[in-house]
Each structure stands twice: as C-alpha cells, then as structure tokens.
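The structure under discussion appears below in the form of structure tokens.
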Amino acid sequence: MSRRAEAGRFATRAVHGGLGPDAATGAVNTPISLSSTFAQDGVGGHQGYDYGRSGNPSRSALEQHLALLEGAAMGLCFASGLAAEDAILRLCRPGDHVLLSNDAYGGTWRLVSKVHAPAGLQFSTVDLCDLEAVEAAIQPNTKLVWVETPTNPLLRVVDIAAVAELAHRRGAACVVDNTFATPYLQQPLSLGADVVLHSTTKYVSGHSDVIGGFCATNDREVGEQLAFLQNSAGAVPSPLDCYLLQRGVKTLAVRLDRSCASALEVVELLLGHPSVCEVLHPSLPEHPGHRAAARQMSQFGAMVSFRCSGGEAAALAVCAATEIFTLAESLGAVESLIEHPGKMTHASVAGSSNEVPADLVRLSIGLEDPADLLEDLSQALEAAAT
C-alpha cells in the first residue's frame, strides 16, 4: 500500500488497506494462502510463517487492514466475535471483576456468566450511560469495563471517552465492542478505549457468508498477550474467511452510507405509525444518547429497534409478516433483516438483569431500495394489527 493511500481518508484506506498488490505476481487482491505449513530452509529459517495456526499471509493482510481502519498499532483476527471476546476475557484472572452493560449482547452475557464466571471471574451489570452509576459500580478488583455502543438491541449510546476516563482513574481497562458502529462511524481507541473488538461477521463481512472476529489495541503488551492467546487457544479464521472479510471491508463505507440513509427513512415511518409505541434510534433528538452519538459517531447507524403497541404478540406478528425483511439472526449485511430479540439473539438473558422487552423488534437495514423496505414494513405492521 502506498503512503498516500495509507494516509488517505477512510474509504481510500478501506479499499487499499492490507498488504497491497502481491509482490510476486502483481495480483491486486491478496492471494488466498491455503497452506497449513510453510517450508523452512533450515531449523527456524522460515520467511515469517511456520504453521497456519500461528500465522498466515491471508490473515496478516486482514489484520493489518482492520488495524489501519481502527487506528490501531496491532490487530488480531479470530474465528468468531465471541472467540475474540473470549481471548480478551482471558486477560483476567480468577477473582478479577468485569463490569458489563445491563444491555450487553446476549452472547457476551452468556460467555461471561456461564463460561468465565464458573472459573472464578466476577462480574456485574450497570447502565453504562449513567456515569454516576458506573463510578459506583467499579470495584477495587475491576479489571475491565466492557462497553457496547450503540448497544444491542436497545441502541443505547455510551459516552466512550467519559467511561474510559472513569475506568482508567480506577485502574481498569476499557474494552469497546464496535460491531454496530464499525470503524467507519466510530473510532473507540481515539476516544480512550484500550481494546476495540468486532464481530466481523456483521458489517465488515457485509454479505452473510462468513463468521469472524477481530480485536485491536495500541497497547503493545496487551497486544502481545492477545497474540499469545490467539495462537495458544487456536480459534483462528481460515484463509478463505480472511479473503472474504477483506473483500467485504473494501465496500464498508459505501454500504454504510446507503444503509444509514435508509435507516433514517425507516425511523420516520415508524415514528408516525399507530402500531408502534416507541422508536429506538440515536438520530432522534429525544434519544437519551443523541448528543453523545452526534459527538462520537459520524452517522447514527443502520440498526433500528422499535416496540409494538400490541405487546409481544404484535412484535412476533410483525416479524412473521415481512416479505423483503428476512426473519433471521445476525445483522449488518446487504439484505435487510428483522428479528425478535427476546426469543432469538437475546433468549439467553431471559430472567436476568439484561432481559429485553418482549414487545421489541430489531431491524438491520440493508441495501434494498428504501421505498420497498418502507412498503414491506408498513404492510407487516398493518397485518399484525388486524
């Protein structure tokens, strides 16, 4: 990659990031290196790679690409977003405490409460939008303050800079899940976060065809610890997955521009609909996190959640009635998705402090013509009301 491209604006770096054209052939796309092992010209005499779990040229290209977009000195790719989260949580020791949002992604809550807590990790949840509550909830043994913003699925917005400052003042690190915002809309490391992570399955991929995770940091010691865990635990993506993810990230900016614009049109439709009792989106001036979102995000995002006037039955009916919105888990792809968080992505938090409202519907706005999305959502809302 040329110096000009590396110093370019986001869309330029998204297209040209990574290792650049192949030195041997001039191939514009990074070749898919499927080898599981690499020849050595003597014991220890390899050319930077010895075994595929420890490193692979396709993975290196993606890691450099995503780290560049996040403004990070070091980035590491994993087999899934939860594998990346697991590596970060392994930085803690038994007896350490992790402070989670009371609106954390259900998979994160399950990983912490059902996998790491039985091994000795302590955790609690709090509304991370309430800075006084955050300060009170940080304990002497708090190792990590774990932020999602916007949150999944209630789309609350956490002031990253303020929470990071509170965490650092009390000797804790701040981790930010940037999956919903992506590095295009939000740069957590520049706001004081110590580690940023993604489920690259979502917007980075953008095509519902790969599972992946990523984390990045500017702290060399933390980065080396995560690299050790990446290699030792072995939850790494395949070279083909890395190729697909790097292909996806090249269109991240243009995809999000379209999806964010369409999301604003969807919000307008929902605001005026009698079957909707509340619309959750940071673009709304009345949204509690609107000012923080305007300050730390370049756009308000392409995820929209709303609550149905008719309760859970109406929410389920809306989800069942769409024809262009696909009823499915996940988000951030070219196709628009609809889901009922309480019975789908967040079923694992039922009965906990992180339980989500039963009347909630979550939308991921894709790249279809916005007029078709509005028509589809309108007919689904009307069908649910009858």
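Per our numbering, the very first residue in the sequence shown carries number 388; after that it's consecutive. Glycine included, each C-beta is placed from N, C-alpha and C at the ideal position.
Length of the line joining the Cα atoms of residue i and residue j
| i | j | result |
| --- | --- | --- |
| Ala460 | Asn443 | 19 Å |
| Leu718 | Leu724 | 7 Å |
| Ala548 | Leu478 | 22 Å |
| Phe615 | Gly395 | 32 Å |
| Trp496 | Ile475 | 14 Å |
| Thr773 | Val705 | 11 Å |
| Val609 | Ser751 | 33 Å |
| Ala401 | Ala411 | 23 Å |
| Gly431 | Thr424 | 13 Å |
| Val415 | Arg634 | 11 Å |
| Leu449 | Glu769 | 45 Å |
| Ala568 | Lys589 | 11 Å |
| Gly494 | Gly738 | 15 Å |
| Val818 | Ser619 | A question about residue 818 goes unanswered here, because the residues of the chain that appear run from 388 up to 773. |
Where residue i sits in the DSSP three-state scheme
| i | result |
| --- | --- |
| Ile711 | coil |
| Glu742 | coil |
| Leu671 | coil |
| Leu421 | coil |
| Ala603 | strand |
| Leu438 | According to the sequence provided, residue 438 is Tyr. The question's Leu does not apply to it. It is a strand residue. |
| Asp564 | strand |
| Ser723 | coil |
| Ser625 | coil |
| Leu718 | coil |
Check whether residue i and residue j have beta carbons under 8 Å apart
| i | j | result |
| --- | --- | --- |
| Val653 | Val691 | yes |
| Ile525 | Leu553 | yes |
| Ala680 | Val544 | yes |
| Asn489 | Gln509 | no |
| Ser595 | Ala720 | yes |
| Leu328 | Pro570 | Residue 328 is absent from the model: the chain starts at 388 and stops at 773. |
| Gly688 | Pro537 | yes |
| Ala771 | Gly697 | yes |
| Cys602 | Leu631 | no |
| Ala702 | Asp746 | yes |
| Gly407 | His452 | no |
Which listed residue (the options) has its alpha carbon closest to that of residue i
| i | options | result |
| --- | --- | --- |
| Gly621 | Gly494, Ala715, Leu578, Leu463 | Leu463 |
| Asp756 | Gly738, Leu518, Glu722 | Glu722 |
| Gly579 | Asn741, Thr588, Thr773, Ala559 | Ala559 |
| Gly468 | Pro481, Thr604, Asp514, Val623 | Val623 |
| Ala426 | Tyr438, Thr417, Val415 | Tyr438 |
| Pro540 | Ala700, His668, Gln683 | His668 |
Quiz item: In chain order, which continuous runs of the beta strand (DSSP E) of length 3 or greater are located wholly inside the region 482-559?
Solution: Counting only runs of 3 or more, we get 484-488, 509-513, 529-535.
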